[in-house]
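Chemist: Once you've had a glance at the structure underneath, I'll fire off some questions.
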Amino acid sequence: MLRPRRKRRAAPGRGGTRRALGLPGRRGSGGRRDGHQGRRLRRAERVRPCDPVPASARERLPQEIAVRAAVLSATGRIEIREVDRPQLGPDDVLIKTTHAGVCGSDLHAFKGKHPFRKPPVILGHELAGTVVECGGDARGFSPGDRVTVMPALACGTCRLCRMGRENICLNKRVPGVQGWLGVFAEYAVAKASVTFGIAPATTLELAVLAEPLAVGVHAVTRQAHIEPDGRVLVLGGGTIGILTALAARAAGAGDIVITDLFELNLGLARTLCGATAVHVGREGWEEHLAQGYPDKFDVTFLCSGAPATVGQATRLTRRGGRIVVTGLFLEPVPTDLTTVTLGELEVVGSQIYDHRDFRTALDWIEAGRFDFRKMVTHVFPLDQAQQALEVLANRTEDAVKILLDTSR
């Protein structure tokens, strides 16, 4: 049950939110600015700091105020708690969130299987909302700007960052760990360097999809090397699988086949990108697919963490083909390396995205390149975060992308 909202006294040293959640008392979203701006800015905007919040607005936004957040308090249990509003660092923007996406990694944490998001923690990393305040060193944004956030902060100094591989930064920070609070809450903070402005015609609801779409963009454009009219197999037709298939279509793939257990997902894949949809619950589906594609597939994407998909990928990918792994496998999986060796299969990982991938994903959404609205099947109010996770965990309803409306 929610307590009546009330202002809180500023505690010495602050950090009330982190103490309430059992998190370390670190301020802001951390890390350093890497010089990248999230949106394309007019020349006049490139050098000015974020416009200060008027004094009257500051009075409406006291530094210590109780806000609602969906806290994973134990495995399988979400509680709506009042926590302190996130602290604003010097190069942060404070965002009043309107929508947050429920991701497969949130589901892993809900089930107690995530490798590092453990209770108590505020879940969520996909968001959109409106800027309400900026730190003194934050540049390019003003209160009232509509934004989304790339929820991965590279250090900019490690060897991999210096090599341009910020997506696999050795010190990368993400919401829900290391003091950067999750976004299943009324407010969130982010570095200005990973904040992206949203075009006026784009809804905040759709802007949330930039994050999962960027995963597919990175997998296809950086890791897959799809040839024109190449044959593509996507194993796992969840949100990431469907968006990866869309990215493959945009990259010029020919035949695209996608597999899943749920007809809603398969139907969306057919509608959005013209994929051939295969229901893996039907006996003999793999043999039937192999007969239909005797030359097998040039590129296979593993977008499911189901162990069986690994063997399927090695059997259905042609010799000299490539297997791109985007799914998170939570347990060791036996692999037929003899087939990999004899067929000179290339098996590569694909880890989230970088600024360019995120920018491309948001551009596609803003341009309406595909009908992304069809991806969102459910929108729950923040107070029903428990129900939203249960729908995904128990498949009590057909669902693809579930959002939380954090404004209600």
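Residue numbers (the working numbering): 78 to 485. A virtual CB, placed ideally from N, CA and C, is assigned to each residue, including glycine.
Which of helix, strand or coil does DSSP assign to Val387?
Modeler: Here residue 387 refers to the residue found at position 310 of the sequence shown. It is helical.
Chemist: With DSSP run on the structure shown, which of helix, strand or coil describes Phe374?
Modeler: Along the sequence shown, read from residue 1 onward, the residue named residue 374 stands at position 297. It is a strand residue.
Chemist: Decide if Arg450 is buried, meaning its Cβ has at least 16 other Cβ atoms within 10 Å, or exposed.
Modeler: Residue mapping note: residue 450 aligns to position 373 of the sequence shown, counting from 1. When all chains shown are included, Arg450 counts as exposed.
Chemist: Where Gly181 and Pro220 are concerned, what is the direct C-alpha to C-alpha distance, given to the nearest angstrom?
Modeler: Translated into the one-based positions of the sequence shown, residue 181 becomes position 104. Translated into the one-based positions of the sequence shown, residue 220 becomes position 143. Cα to Cα, the separation comes out at about 32 Å.
Chemist: Whole angstroms are fine: how far does the CA of Arg216 sit from the CA of Ala121?
Modeler: The residue labelled residue 121 in the question sits at position 44 within the sequence shown. The residue labelled residue 216 in the question sits at position 139 within the sequence shown. Because the pLDDT of Ala121 is 32, which lies under 50, any placement of that residue in the model is unreliable, and the question is left without a value.
Chemist: Which word fits Met240, buried or exposed, when buried means at least 16 other C-beta atoms lie within 10 angstroms of its C-beta?
Modeler: Counting from 1 along the sequence shown, the entry for residue 240 is found at position 163. Counting Cβ neighbours within 10 Å, Met240 comes out exposed, since fewer than 16 surround it.
Chemist: Just to confirm the assignment, what range does the alpha helix (DSSP H) spanning Ser182 have?
Modeler: Within the sequence shown, residue 182 is the residue found at index 105, counting from 1. Start and end: Gly181 to Phe187.
Chemist: Based on DSSP bridge pairs, tell me the residues matched to Cys238.
Modeler: Mapped onto the sequence shown, residue 238 falls at position 161. Paired residues: none, contrary to the question.
Chemist: Just verifying my parser: in three-state terms, what is the DSSP assignment at Leu165?
Modeler: As a first step, residue 165 must be located in the sequence shown, where it is residue number 88. Coil.
Chemist: Should Asp372 be labelled buried (16 or more other beta-carbon atoms within 10 Å of its own) or exposed?
Modeler: Looking up residue 372 in the sequence shown gives position 295. So Asp372 counts as exposed.
Chemist: If you follow the alpha helix (DSSP H) that Thr415 is in, where does it begin and where does it stop?
Modeler: The residue you call residue 415 lines up with position 338 of the sequence shown. Segment Leu414 to Leu419, the alpha helix (DSSP H) holding Thr415.
Chemist: In chain order, what residues of the same chain lie with their CB nearer than 6 Å to the CB of Ala284, ignoring the 5 residues before and after it?
Modeler: For the purposes of this step, residue 284 is identified with residue 207 of the sequence shown, where counting begins at 1. Cβ neighbours of Ala284 beyond the five flanking positions: Ala205, Thr225 and Ile275.
Chemist: Can we say the segment 154–165 touches the segment 460–480, given the rule of at least three CB pairs closer than 8 Å?
Modeler: Flag = yes, the segment 154–165 and the segment 460–480 touch.
Chemist: Which word fits Thr152, buried or exposed, when buried means at least 16 other C-beta atoms lie within 10 angstroms of its C-beta?
Modeler: Taking the sequence shown and counting its residues from 1, one reaches residue 152 at position 75. Exposed.
Chemist: Alpha carbon to alpha carbon, how far is Gln368 from Cys246? Give it in angstroms, no decimals.
Modeler: Position 169 of the sequence shown, counted from the start, is the residue given in the question as residue 246. Position 291 of the sequence shown, counted from the start, is the residue given in the question as residue 368. C-alpha separation (whole angstroms): 42 Å.
Chemist: Measure the CB-CB distance between Val334 and Thr353 and report whether it falls below 7 Å.
Modeler: Translated into positions along the sequence shown, residue 334 becomes position 257. Translated into positions along the sequence shown, residue 353 becomes position 276. Their beta carbons are under 7 Å apart, which means Val334 touches Thr353 by this criterion.
Chemist: Any chance the segment 431–444 sits against the segment 407–423, with 3 or more Cβ pairs inside 8 Å?
Modeler: In short, these stretches do not touch, since the Cβ pair count stays below three.
Chemist: Among the candidates Asn471, Leu481, Ile142 and Thr279, whose CA atom is the shortest distance from the CA of Val456?
Modeler: Looking up residue 456 in the sequence shown gives position 379. Of the candidates Asn471, Leu481, Ile142 and Thr279, the one whose C-alpha sits nearest the C-alpha of Val456 is Leu481.
Chemist: Spatial neighbours of Gly317 within its chain, please: CB distance less than 8 Å, with the 5 preceding and 5 following residues excluded, ordered by chain position.
Modeler: For the purposes of this step, residue 317 is identified with residue 240 of the sequence shown, where counting begins at 1. The displayed chain sequence assigns Ile, not Gly, to residue 317. If we look at Ile317 and ignore the five residues flanking it on each side, its Cβ neighbours are Gly181, Pro289, Val292, Gly293, Cys380, Thr403 and Gly404.
Chemist: Enumerate, from N- to C-terminal direction, the unbroken beta strand (DSSP E) stretches of 3 or more residues contained entirely within the segment 201–225.
Modeler: With a minimum length of 3 residues, the continuous beta strand (DSSP E) runs that stay inside the segment 201–225 are 203–211.
Chemist: What would DSSP say about Phe273, mapped onto helix, strand or coil?
Modeler: Residue 273 sits at position 196 when you count from the first residue of the sequence shown. Strand, per DSSP.
Chemist: Please tell me whether Lys268 and Leu237 are closer than 7 Å, where the distance is taken between their beta carbons.
Modeler: For the purposes of this step, residue 268 is identified with residue 191 of the sequence shown, where counting begins at 1. For the purposes of this step, residue 237 is identified with residue 160 of the sequence shown, where counting begins at 1. Contact flag unset, no.
Chemist: The beta strand (DSSP E) that contains Ile479, what's its start and end?
Modeler: Working through the sequence shown from its first residue, we reach residue 479 at position 402. Residues Lys478 to Asp482.
Chemist: Taking Cβ to Cβ, would you say Thr336 is nearer than 7 Å to Val357?
Modeler: Here residue 336 corresponds to residue number 259 of the sequence shown, with the count starting at 1. Here residue 357 corresponds to residue number 280 of the sequence shown, with the count starting at 1. Going by C-beta atoms, Thr336 is nearer than 7 Å to Val357.
Chemist: Give the secondary structure of Gly178 by DSSP, where H, G and I count as helix, E and B as strand, and everything else as coil.
Modeler: Against the sequence shown, residue 178 aligns to sequence position 101. The answer is strand: DSSP assigns Gly178 an E or B state.
Chemist: Where do the ends of the alpha helix (DSSP H) carrying Leu469 lie?
Modeler: The residue labelled residue 469 in the question sits at position 392 within the sequence shown. Per DSSP, Leu469 belongs to the alpha helix (DSSP H) from Ala462 to Asn471.
Chemist: Going straight from the alpha carbon of Val144 to that of Pro305, what length do you get?
Modeler: Position 67 of the sequence shown, counting from 1, holds the residue named residue 144. Position 228 of the sequence shown, counting from 1, holds the residue named residue 305. In a straight line, the C-alpha of Val144 is about 50 Å away from that of Pro305.
Chemist: Could you check whether Val209 and Leu165 sit closer than 7 Å to each other, using their CB atoms as the reference points?
Modeler: Here residue 165 refers to the residue found at position 88 when the sequence shown is read from its first residue. Here residue 209 refers to the residue found at position 132 when the sequence shown is read from its first residue. No, the pair does not count as a contact, with Cβ atoms beyond the cut-off.
Chemist: I'd like the ranges of any beta strand (DSSP E) spanning at least 3 consecutive residues and lying wholly in the segment 304–362.
Modeler: Runs of the beta strand (DSSP E) inside the segment 304–362: 309–312, 333–337 and 353–356.
Chemist: What does Val402 pair with, by DSSP beta-bridge criteria?
Modeler: To locate residue 402, count along the sequence shown from 1; it is residue 325. In the DSSP output, where bridge partners are listed per residue, Val402 has Leu379 and Gly426.
Chemist: Would you please state the rounded distance, in angstroms, between the beta carbons of Val309 and Val355? I believe it to be under 8 Å.
Modeler: Position 232 of the sequence shown, counted from the first residue, corresponds to residue 309. Position 278 of the sequence shown, counted from the first residue, corresponds to residue 355. In fact, because the Cβ distance is near 13 Å, the residues do not count as touching under 8 Å.
Chemist: Per DSSP, Ile442 forms a beta bridge with which residues?
Modeler: Sequence index remark: in the sequence shown, residue 442 carries index 365 (1-based). The partner list for Ile442 (beta bridge, DSSP) is empty, contrary to what the question assumes.
Chemist: Would you kindly check if the distance between the Cβ of Val477 and the Cβ of Met452 is under 7 Å?
Modeler: Translated into the one-based positions of the sequence shown, residue 452 becomes position 375. Translated into the one-based positions of the sequence shown, residue 477 becomes position 400. Contact: yes.
Chemist: With a CB to CB cut of under 8 Å and the five nearest residues on each side skipped, what residues in its chain are close to Ile303?
Modeler: Residue numbering aside, residue 303 sits at position 226 when the sequence shown is read from its first letter. Taken in chain order, the residues that qualify are Val297, Val309, Ala325, Ala328, Gly329, Ala330, Asp375 and Val376.
Chemist: Confirm the yes/no value for this check: CB of Arg392, any heavy atom of the ligand SAH, distance under 6 Å.
Modeler: Of ligands this structure carries none, so the ligand SAH is not represented either.
Chemist: May I ask you to report which of helix, strand or coil DSSP gives Leu149?
Modeler: By 1-based counting over the sequence shown, the position of residue 149 is 72. Three-state result, Leu149: strand.
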